[in-house]
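Colleague:
In my numbering, the protein residues as written are 925 to 1120.
1. State whether the segment 966-978 contacts the segment 1062-1070, with contact taken as three or more CB pairs (one from each stretch) at a distance under 8 Å.
2. Looking only at DSSP bridge pairs, what is residue 939 linked to?
3. Would residue 1012 and residue 930 be called neighbours here (beta carbons separated by less than 8 Å)?
4. In the DSSP output, which residue or residues are listed as bridge partners for residue 1093?
5. Going by alpha carbons, who is nearest to residue 1095 out of 1085, 988 and 1081?
6. Excluding the 5 residues flanking residue 1026 on each side, which residues of the same chain have their C-beta closer than 6 Å to its C-beta?
7. Which parts of the segment 960-991 are runs of the beta strand (DSSP E), unbroken and 3 residues or longer, counting only runs that do not cross its ends?
8. Which residues mark the beginning and the end of the alpha helix (DSSP H) in which residue 1009 is found?
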């Protein structure tokens, strides 16, 4: 019962293989500009290193965002293709939750830079604040006084793939699975504001 966990919502590619709640392998690769060319290669390498084939996978857990527009499309496309062509169950999880899952603090606030003083942010633990595009400073003020708070940025995320798997949602229609972008693309923003 091998499961794959994959996320490319930030400049990091995260991959893990789990077998019956035992972590077989997990790796993080930096380089958002290389996600398109590197993700399938690194996944193939990880499978081969552990004598596993795609046919051995019974579930895929994919970060659905928010995060990098292009990055999200890469992991979601890989997950959808494998799920469709190999008839593998697909599960979706917040990429912000994924980035927080390795911490055991009572509260974990996660922020991914979204430019112009904004962040994709959320809080998990005793206090839950849902994924949203927010003003960074306002969100930091909102969580500052929470008990045992850990603030996590995309450079210091820590993943517990078992917790990720246990907090994922089954995707019933693989074709309809799209990332949670939470905003328009940078190109759309520039076009909209250049016409003002």
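The C-beta atom is built at its ideal place from N, Cα and C for all residues, glycine as well. What you are looking at is a predicted structure, and each value in this text was computed from that prediction instead of being measured.
Modeller: According to the structure shown:
1. no
2. 930 and 951
3. no
4. 1016
5. 988
6. 1082, 1083 and 1084
7. 981-987
8. 993-1010
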